[in-house]
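In the UniProt record's numbering, the protein residues as written are 1 to 355.
Notes follow the structure.
Structure (structure tokens):
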């Protein structure tokens, strides 16, 4: 999963593809593509790369009250035709019932409790229970992490160049032009703010700390499942080590280290906040001390993501053990109590009867 920036400053590989796409959008009635950065009617594109290499673009019409969107795909050779939908409450021939947020995984479009395959055909979907499932819970949490980092990137990618030590410069430079050449989305307008602020650093490290907390929870789940008491899964030897004393024991080292490293990232966030909170406006040498916390946070999180990914790819699931555990009558006790409620019995009574 990879999500690209919007119309300002998206990567060159997208810029090359963008021109023919603009022509497609312009041919659509009531659609408008930004001609300059001050045009408030622009439809901003959001890019997503699927696992199979295809690139998807979503243009959203800001001027449309019912949320019209256009989809197109790039397969390496050219753009597909545009698929249109709107998420208004009133159904029409262009309404494919796409409501709420979207998720893109394994070449499929996920929305709510449905997997949308074709985009152009509302019947071409498969219903599943999107409210349950442990891996779906992991996915939802990690998608929020991606969104947080994506939003943070928009604030980080602003250029302070030209702010000077605090009061700017008397040399008539074009800060916006410099920012554009360097690949920034824009500039930090106020020179005092540009030299003083480190909130973008705090926001980034905080977002990564939340990500690491989610990875720590996943690690703990898998560490518990790998114990002899559960034996739901067996971790690959690459992610474990033998006990120094007990020959039969397999220690989930990398999962435990992921938990431990999460504490270090949280500590980095605390270090940065504590450093910044007492500083006056302008640059202070104290800010030099937070750099190591930034690099440490980035290194830990990228390593942890790689470990979790490889662990999931190599884990062995003990299906029979899980099936046996799932056959326990205790698992459906609530279902039975709720069944009685549906028959008109108060929950207080049904709870007592089933219990």
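We put the beta carbon where it would ideally sit given N, CA and C, even for glycine.
Where the alpha helix (DSSP H) containing residue i begins and where it ends
| i | result |
| --- | --- |
| residue 144 | 134-156 |
| residue 270 | 253-276 |
| residue 222 | 199-225 |
| residue 174 | Neither: residue 174 is in no alpha helix (DSSP H) and is coded neither H nor E. |
| residue 350 | 347-354 |
| residue 163 | Element bounds for residue 163: n/a, residue is neither H nor E. |
| residue 309 | 291-314 |
| residue 342 | 333-342 |
| residue 320 | 319-326 |
| residue 228 | Run containing residue 228: none; DSSP gives neither H nor E here. |
| residue 240 | Here residue 240 belongs to no alpha helix (DSSP H), and DSSP marks it neither H nor E. |
| residue 196 | 191-196 |
Residue i, buried or exposed, once every other Cβ within 10 Å from all chains shown has been counted against 16
| i | result |
| --- | --- |
| residue 297 | buried |
| residue 123 | Bear in mind that a pLDDT of 32 at residue 123, under 50, signals an unreliable position, so the number given afterwards is only what the model happens to contain. So residue 123 counts as exposed. |
| residue 330 | exposed |
| residue 225 | buried |
| residue 230 | exposed |
| residue 405 | The structure shown does not extend to residue 405, since the chain is modelled only from 1 to 355, so the question has no answer here. |
| residue 135 | exposed |
| residue 155 | exposed |
| residue 30 | At residue 30 the pLDDT is 40, less than 50, meaning the model places this residue with poor confidence and gives no usable figure here. |
| residue 19 | Bear in mind that the predicted position of residue 19 carries a pLDDT of just 45, short of 50, making it too unreliable to give a figure here. |
| residue 269 | buried |
| residue 352 | exposed |
| residue 195 | buried |
| residue 218 | buried |
| residue 179 | buried |
| residue 41 | With a pLDDT of 41 at residue 41, under the threshold of 50, the predicted position of this residue should be treated as unreliable, and no value is reported. |
| residue 259 | buried |
| residue 177 | exposed |
| residue 215 | buried |
| residue 243 | exposed |
| residue 328 | exposed |
| residue 332 | exposed |
| residue 307 | buried |
| residue 170 | exposed |
| residue 228 | exposed |
| residue 236 | exposed |
| residue 109 | Confidence at residue 109 is low in this model, with a pLDDT of 43, below 50, so its placement is unreliable and no value can be given for it. |
| residue 241 | exposed |
Nearest to residue i (by Cα), restricted to the options the options
| i | options | result |
| --- | --- | --- |
| residue 234 | 349, 134, 271, 321 | 321 |
| residue 213 | 284, 336, 144 | 144 |
| residue 164 | 288, 283, 287, 351 | 283 |
| residue 190 | 316, 182, 289, 175 | 175 |
| residue 152 | 169, 203, 182, 161 | 203 |
| residue 232 | 340, 241, 315 | 315 |
| residue 182 | 157, 169, 170, 199 | 157 |
| residue 172 | 185, 166, 162 | 162 |
| residue 275 | 248, 287, 307 | 287 |
| residue 272 | 187, 326, 290, 199 | 290 |
| residue 193 | 340, 317, 139, 166 | 166 |
| residue 280 | 222, 180, 198, 160 | 198 |
| residue 138 | 319, 222, 245, 342 | 222 |
| residue 293 | 148, 267, 133 | 267 |
| residue 220 | 251, 238, 188, 246 | 251 |
| residue 339 | 326, 325, 354 | 354 |
Residue i CB to nearest heavy atom of the ligand COA below 8 Å
| i | result |
| --- | --- |
| residue 159 | You won't find the ligand COA in this model; it holds no ligand whatsoever. |
Any contact between the stretch 287-305 and the stretch 192-209? By contact I mean 3 or more CB pairs, one from each, below 8 Å. yes
For the structure I just gave you, are there three or more beta carbon pairs, one from the stretch 307-317 and one from the stretch 251-260, closer than 8 Å? yes
Three or more C-beta pairs below 8 Å linking the stretch 263-275 and the stretch 337-346: no
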